[in-house]
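Be aware that the sequence shown starts at 412, since it is given in our numbering, and climbs by one per residue.
All C-beta atoms, glycine included, are put in the ideal place defined by N, C-alpha and C.
Note that the structure is predicted; figures quoted are calculated from it, not measured.
The structure appears right after this line, and notes come after that.
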Amino acid sequence: MNFEISAKTELYPHQSEAVEKLLPLRVGALFMEHGTGRTRTAIELVRRRTGKFSAVIWFCPYAIKENIRAEILKHCGAIAPCWNIIGIESMSSNLAAITEALDRIDDRAFVILDQSHYIKGYRAKRSNRIVRAAARARYRLIMSGLPISQGVQDLFMQFAFLSSKILGYRSFYSFSANHLEYDRYHPQKVIRAHNLEYLSAKIAPYVYQTTREACGELPERLYSVRRFRMNPLQRELYRRLKERVLQAGVFNSHSLFTLFTRLQQVLSGFCPDRHGRLRPLGNPRLEALKELLLSLGSRVRIVIWAKFQFDLDTLESQLPPEETVVLRAGIPPDEQEKILSAFRSERRILVASVKLSRCPLDLNAADVVIFYNNTFSYAERVRAEERCQTPGRRRTIRCIDLLCADSIDEKIRQSLLRKNGVAVEFRTHIEKTTGFSPENWIQSL
């Protein structure tokens, strides 16, 4: 097949460095944080190898397929017939997608696995199908800004995609026997990793890794907090929820996660009853947001990240419709792009589900990022901030947290500042604090 891939945009120095390292290799990994130009780097690796491969098969999460097409069009000027973009999720059960992948991947193919942490589950059908299909390809590339989220075990399937020879293990069981230690009471829970220097040395020749800070030319972030207080009804429900858990005396991961979520729901102005119906409690958080928006003025573009569906519904109904668009998880890619286009042009406020922070959204138009509430995940928080921060942008970004005083909001923020999550903080206290009392810790929420 004859085709030509041209480049319409220049590489940044760190992107050129990545290309020079991985170009001599048939397999490689781009572990580059969001905003550092992973996609442009991968496109350049493809372009430099034009004539050496039969087709490019680009696996990525379904939600960003259109983003990848747009990036190829932006950087190349046209989409050559060699490009084939397949949703990772479709490899679980979509027979047409599975057949397409198997048909197009031959011994001259170039296979790219974008967001490679999506296949970290070694038992998952899609993980094993993608790894087996890619094994025939001449070139293989993995890309991720967060290759490890749960632990070093996340690396096994990603490097199995490249080659089992890199780590030196043909099965996850061999890998775990040499590197993982499990909880004696919870056999699926990894409590410790071993021989990490060995693993680092094995993968280093195949990995290019960088951070936003190392790339330079990134805008400064200014952080601030706006606090509010619970109303009496919220305070009473908040107290009851904590007492219920303390009286039960069960402090496992499930009970704590449920408690944390329920407390956050109360702080967001609602509480589900036993039938699943949402009971409104009044919403000081919403009032604090309205005051903040008023103080920011009408000339700034604002992204508001929210956690709960109730939050999205509330903000959609309470904020000015002529200024606001709402981006929810699970909508089709074409509708998502229409909403983002509206935000970049006639609407100045984008309310988005924080679940979408894992998708490479282009929110570079934002001047201010407001966290209506936070999730328990440090990785999710970082990704949400990064969506409006890409190389070459000059404007300073303001990141503002809405926090309820004397509540779990404060605990969450403290743990995020320590680059942790609330559940991790709790486990750390248990493991490292002599005479640690979970009752006292919960009372402090």
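For residue i, three-class secondary structure by DSSP
i	result
I559	coil
S875	Residue 875 is absent from the model: the chain starts at 412 and stops at 856.
A625	helix
P744	helix
P370	Residue numbering for the chain in the displayed model covers 412 to 856; residue 370 lies beyond these limits and cannot be assessed.
E455	helix
Y550	strand
Y789	helix
S706	helix
D820	helix
N589	helix
R655	helix
I497	strand
A699	helix
I523	strand
I602	strand
I715	strand
F414	coil
F464	coil
L441	strand
R650	helix
H597	coil
K576	helix
L751	helix
A491	coil
Q825	helix
Proximity winner among the options, relative to residue i (alpha-carbon distances)
i	options	result
R603	Y580, Q561, V765, I577	Q561
S709	R688, L689, P731	P731
L814	V793, T786, R794	T786
I499	R460, R540, H486, D514	R540
N784	L670, I808, Q747, R638	R638
L633	S582, L484, T807	T807
K536	F521, S574, S504	S504
R519	I479, I468, E477, C487	I468
R755	P771, V736, C770	V736
G462	P472, F414, K485, G439	F414
L573	I530, E608, V601	I530
A615	R650, A429, H665, E477	A429
D514	A548, G532, K432, D525	A548
E746	K613, N478, R655	N478
R769	L433, Y619, S752, V793	V793
K419	A440, L456, C487, C471	C487
Range covered by the alpha helix (DSSP H) that runs through residue i
i	result
V677	664-678
L573	566-573
C487	476-487
T364	The first residue shown for the chain is 412 and the last is 856, placing residue 364 beyond what the model contains.
I614	607-614
Start-to-end residues for the beta strand (DSSP E) that takes in residue i
i	result
Q620	618-621
T447	Unbroken run through T447: none, as it is neither H nor E.
S764	760-764
L689	689-691
D724	Here D724 belongs to no beta strand (DSSP E); instead the alpha helix (DSSP H) covers 720-729.
A544	Where A544 is concerned, there is no enclosing beta strand (DSSP E), although the alpha helix (DSSP H) it sits in stretches over 536-545.
P683	681-683
R809	808-815
V779	779-782
L434	Element bounds for L434: n/a, residue is neither H nor E.
F470	467-471
L738	735-738
Same chain, Cβ closer than 7 angstroms to residue i, five either side skipped, listed in chain order
i	result
P558	F442, S527, H528, D565, L566, Q569
E734	R758, R759, I760
R460	F521, Y550
V765	W716, A717, K718, T786, E791, A795
Same chain, Cβ closer than 6 angstroms to residue i, neighbours up to 5 away in sequence not counted
i	result
P424	none
D820	L814
Q645	V677, L692
D773	none
V714	L761, L774, A777, V780
Beta-carbon contacts of residue i that lie in its chain and below 8 angstroms, excluding the five residues immediately before and after
i	result
L610	V563, L566, L578, H590
K843	Residue placement at K843 cannot be trusted, given a pLDDT of 48 that sits under 50; what the coordinates show is reported in the next sentence. Taken in chain order, the list of residues that qualify is empty.
With 16 other Cβ atoms within 10 Å as the buried cut-off, status of residue i
i	result
K576	exposed
V711	exposed
V675	The displayed chain sequence assigns Gln, not Val, to residue 675. With 16 or more other Cβ atoms within 10 Å, it is buried.
G687	exposed
P598	exposed
A625	exposed
K749	exposed
A763	buried
L738	buried
N606	exposed
P771	buried
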